[in-house]
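The structure under discussion appears below in the form of structure tokens.
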Amino acid sequence: MAGSTLASPTGSIGSRAANRVSPGAEAWRRFRRHRLALAGALILVVIVLAVVLGPLLWAVPINEIDFSAKLQGMSWSHPLGTDDLGQDLLARMLYGGRISLAVGFAAMLIAIVVGTLVGAIAGISRGSIDAALMWLTDLFLSLPQLPLLLLIIYLFRDTLKALVGPEVGVFILVVAVIGCFRWMPVARLVRAQFLSLREKEFVEAARALGATTTRQVVRHILPNSLGPVIVAGTIDVAAAIIAESTLSFLGLGFPPDVPTWGRLLYDAKDYLDIAPHWALFPGSAIFFAVLSINFIGDGLRDALDPRKVM
Amino acid sequence: MGRYFLRRLLIAIPSLLGISLVLFAVLALAPGDPFEELATNPNVPAEVRANLRAQFGLDDPVAIRYVRWFTAMTKGDWGFSFVSRVDVDQLILQRLPTTLLVIGSSQLLALLIALPIGVYAATRPYSLFDQIANTFAFIGFSLPTFFTGILFILIFSITLDWLPFIYRADISATGWHWYWEHFKQALMPVAVLGLFQGASWTRYVRSAVLDVIRLDYVTTARSKGLGEITVVVKHVVRNALIPVVTLVALQMPAIFGGAIVTEQIFRVPGIGSLLISSILANDTPVIMAVTFVFSCLVILFNLLADVLYGWLDPRISYR
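Those protein sequences? They're chains B and X, same order as listed.
Residue numbers for the first sequence follow my numbering, so the first one is 1 and each next one is one higher.
Residue numbers for the second sequence follow my numbering, so the first one is 1001 and each next one is one higher.
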């Protein structure tokens, strides 16, 4: 060992010490190598900035009805045209994008928290608890998700609407239900990571030093198992955006006065022959958001996998 | 093989029980009453409503209701549609073949796309073909099915006027013309579903083949002097398909979700569009039955995947 260190030029050791990089910086360096992921990140930043700041800059009310300007194409007064009630599509898309993205991120958070919890408990406890939790995971994986999603929303929508108002009620319901149907892959990933990590030497060392199980998990195992979770979480955002749009597209998501991208498509689909722009813009918005998030996930997979040489 | 199949069948029963439990729990936890509409109807006296409730067993304890509901469900006794005034099983049996036809042919299309492209891309990793295939695969599974459907209608029905965008079960033509009309109207729904599935399968096939193709036994096969095509088709693909079958089986619920959306866009008279229309019409027995049928289909296809495993890897079925 010592011989091989001496044989290599000493400069490399010095430079390695000088350029010590944090794991985050290293991941960023590797992420930048993936050009499509970088482009995806750029597109996503533009979309997020547009929906966050857009309504402040483009201050046209989303529900201003103007029958003299209905179903118009692109123009200076309505850059993305208007719908069948003459409402401005740009304003509606900017507002709806907020909801679509918020649903995506919130559902992802729920999926990750539930999945990590289930996976961690299953991975650290052996025997019957592990078996039971994995049976539950497999059961949830084989549930027909969209029919059940529709069933739950059909059965619970009215009660929640009466409880907290139509918008918030549907938001909570959609986020909770999508989140609760997306945690299974995360749970499996976390469990697999835990099973291999808990036998590693550094965890054994912590155990030998008298660390409690909680401390072993929180300080040592969990931080090292987060790589795949981050990747799965990224993909989950895209899946949740698609799920929300699907629900709204089927007319069973948000009420008509909340113009999420899926809802806009649902309203537009009967006017395809006279106003194709109405369907094309929200559809492309969903597509670009999902595509960029998927590319980011792919880039993160490369960046966070320590075995991959880049 | 027979014993293996029997064992898988026995394993499928607890998952069917579990799914039915989840379904029933959702129904039982739900607020509201299936006979709520009757309550607001002044023509229906309160006693009639109470009799109906007793007849449907709505006042019994939950456990008894579950057992009765589950036995009725497995016997195919799914109740009576509130809206169309027909037995639910009849309604579903009418529409199930259409759904299975659309799903089946779209899976076939997905396989025909994914297998050649995925294998070819994996034999030449990071080549131009691989990069193009990869980019298209990403675009393919980032395009939600409802948007692809709308795009197809816009291009092929409205702009080009080649294909009908409404699926009709009652085509009056006869003979070859009848088949041709059916083929034309099924083309878009099948393509929408098949392209979406094909895109994600291409990535699975590629990564599975990449994992296998560098193994020693492949080198052995080559050094025996086998042709490249024989090596890839007989030695690589068969082993690479095992993880692909797992992933495809895991995707089965998503495929049925996609089928619901596609049926709704193209107005295909299958059980997916039946589900949506009965949700919009508050037709609870039909909703429950369709969800139950979807669950059974998922389990059935998982069983099929298990049989495929046994065929792909004989070691599994001898265990």
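Where a beta carbon is used, it is the ideal one built from N, C-alpha and C, also for glycine.
Fair warning: this is a prediction, and the values are worked out from it, not measured in the lab.
Own chain residues within Cβ distance below 6 Å of residue i, not counting five before or after
| i | result |
| --- | --- |
| Ile1213 (chain X) | Val1236 |
| Asp236 (chain B) | Met108, Ala111 and Arg182 |
| Ala1249 (chain X) | Asn1302 and Ala1305 |
| Met1 (chain B) | Because the pLDDT of Met1 (chain B) is 39, which lies under 50, any placement of that residue in the model is unreliable, and the question is left without a value. |
| Ile286 (chain B) | Ser245 and Trp261 |
| Pro9 (chain B) | Caution is warranted here: a pLDDT of 47 is assigned to Pro9 (chain B), below 50, making its placement in the model unreliable, and the coordinate value is therefore given only provisionally. Result list for Pro9 (chain B): empty, nothing under 6 Å. |
| Tyr1120 (chain X) | none |
| Ala7 (chain B) | At Ala7 (chain B) the pLDDT is 45, less than 50, meaning the model places this residue with poor confidence; the figure from the coordinates comes in the next sentence. Within the same chain, Ala7 (chain B) has no close Cβ partners at all. |
| Cys1296 (chain X) | none |
| Gly40 (chain B) | Ser292, Phe295 and Ile296 |
| Glu1263 (chain X) | Gly1270, Gly1272 and Ser1273 |
| Gly227 (chain B) | Leu304 |
Sequence-distant residues of the same chain with beta carbon closer than 8 Å to residue i, five excluded per side
| i | result |
| --- | --- |
| Leu1010 (chain X) | none |
| Thr1291 (chain X) | Leu1023 and Leu1275 |
| Arg198 (chain B) | Gly123, Ile124, Gln216 and Ile221 |
| Arg263 (chain B) | Gly96, Ser248, Phe249, Gly253, Phe254 and Pro256 |
| Leu163 (chain B) | Gly169 |
Option in the options with minimal Cα separation from residue i
| i | options | result |
| --- | --- | --- |
| Gln1090 (chain X) | X:Phe1294, X:Ser1142 and X:Ala1289 | X:Ala1289 |
| Leu1108 (chain X) | X:Leu1312, X:Ser1273, X:Trp1201 and X:Val1209 | X:Trp1201 |
| Arg92 (chain B) | B:Asp298, B:Gln216 and B:Ala268 | B:Ala268 |
| Arg1267 (chain X) | X:Leu1027, X:Ala1186 and X:Leu1029 | X:Ala1186 |
| Ala1063 (chain X) | X:Arg1206, X:Leu1021, X:Gly1149 and X:Asn1239 | X:Leu1021 |
| Pro314 (chain B) | X:Leu1017, X:Ile1299 and X:Gly1272 | Here chain B covers residues 1 to 310 and nothing more, so residue 314 (chain B) does not appear. |
| Val1192 (chain X) | X:Leu1016, X:Ala1110, X:Glu1047 and X:Leu1247 | X:Ala1110 |
| Gln1197 (chain X) | X:Val1244, X:Thr1219, X:Arg1222 and X:Ala1221 | X:Val1244 |
| Ile1287 (chain X) | X:Gly1149, X:Ser1081, X:Lys1184 and X:Thr1220 | X:Ser1081 |
| Asp1283 (chain X) | B:Leu151, B:Gly179 and B:Leu222 | B:Leu151 |
| Pro1189 (chain X) | X:Ala1199, X:Ile1150 and X:Arg1065 | X:Ile1150 |
| Pro1014 (chain X) | B:Leu42, B:Trp135, B:Ile99 and B:Asp130 | B:Trp135 |
| Phe105 (chain B) | B:Ala132, B:Ile129, B:Ala176 and B:Thr213 | B:Ala176 |
| Asp1130 (chain X) | X:Leu1308, X:Phe1005 and X:Ser1207 | X:Ser1207 |
| His277 (chain B) | B:Ser75, B:Arg32 and B:Leu53 | B:Ser75 |
| Glu1228 (chain X) | X:Leu1112, X:Thr1123, X:Glu1181 and X:Ala1050 | X:Thr1123 |
| Tyr1309 (chain X) | X:Trp1069, X:Ser1277, X:Val1261 and X:Leu1247 | X:Leu1247 |
Proximity below 7 Å, CB of residue i to CB of residue j
| i | j | result |
| --- | --- | --- |
| Trp1078 (chain X) | Val1088 (chain X) | yes |
| Leu1154 (chain X) | Leu272 (chain B) | yes |
| Ala1259 (chain X) | Ile1103 (chain X) | yes |
| Asp302 (chain B) | His34 (chain B) | yes |
| Ala187 (chain B) | Thr137 (chain B) | yes |
| Leu1274 (chain X) | Arg1095 (chain X) | yes |
| Val190 (chain B) | Gly119 (chain B) | yes |
| Gly297 (chain B) | Val217 (chain B) | no |
| Val168 (chain B) | Glu244 (chain B) | no |
| Met166 (chain B) | Pro255 (chain B) | For the record, residue 166 (chain B) in the displayed sequence is Pro; it is not Met. In this structure, Pro255 (chain B) lies closer than 7 Å to Pro166 (chain B) by Cβ. |
| Leu44 (chain B) | Ser284 (chain B) | no |
| Pro1269 (chain X) | Thr1098 (chain X) | yes |
| Pro61 (chain B) | Leu94 (chain B) | no |
| Phe194 (chain B) | Ile221 (chain B) | yes |
| Leu141 (chain B) | Met184 (chain B) | yes |
| Phe1256 (chain X) | Pro144 (chain B) | yes |
| Gly1018 (chain X) | Leu139 (chain B) | yes |
| Gly96 (chain B) | Pro259 (chain B) | yes |
| Leu1312 (chain X) | Leu1241 (chain X) | yes |
| Leu36 (chain B) | Trp58 (chain B) | no |
| Ile1279 (chain X) | Tyr154 (chain B) | yes |
| Lys1184 (chain X) | Leu1163 (chain X) | yes |
| Ile1092 (chain X) | Val1293 (chain X) | yes |
| Met1252 (chain X) | Val1209 (chain X) | no |
Residues bridged to residue i (per DSSP)
| i | result |
| --- | --- |
| Asp1087 (chain X) | X:Phe1080 |
| Thr82 (chain B) | B:Asp88 |
Contact set for residue i: own chain, Cβ-Cβ below 7 Å, skip 5 residues either direction
| i | result |
| --- | --- |
| Ala1281 (chain X) | Val1083 |
| Val290 (chain B) | Ala238, Ile241 and Ile242 |
| Val1231 (chain X) | Val1218, Ala1221 and Arg1222 |
| Ala1114 (chain X) | Gly1198, Trp1201, Thr1202 and Val1205 |
| Val51 (chain B) | Leu94, Gly97, Arg98 and Leu101 |
| Thr116 (chain B) | Val186, Val190 and Val229 |
| Thr234 (chain B) | Ile293, Ile296, Gly297 and Leu300 |
| Val1307 (chain X) | Phe1005 |
- request: Could you tell me which uninterrupted alpha helix (DSSP H) segments, each at least 4 residues in length, are contained entirely in the segment 166-253 of chain B, listed from first to last along the chain?
  value: The qualifying runs are 166-180, 184-197, 201-208 and 226-249.
field: alpha helix (DSSP H) runs wholly inside the segment 92-165 of chain B, at least 4 long, in chain order
entry: Listed in chain order, they are 128-141 and 145-164.
field: Inside the segment 33-66 of chain B only - alpha helix (DSSP H) runs reaching at least 4 residues
entry: List check, alpha helix (DSSP H) in window: 35-57.
field: Contained alpha helix (DSSP H) runs [length at least 4] in the segment 1269-1309 of chain X, N- to C-terminal order
entry: At a cut-off of 4 residues, the continuous stretches assigned as alpha helix (DSSP H) that sit fully inside the segment 1269-1309 of chain X are 1271-1280.
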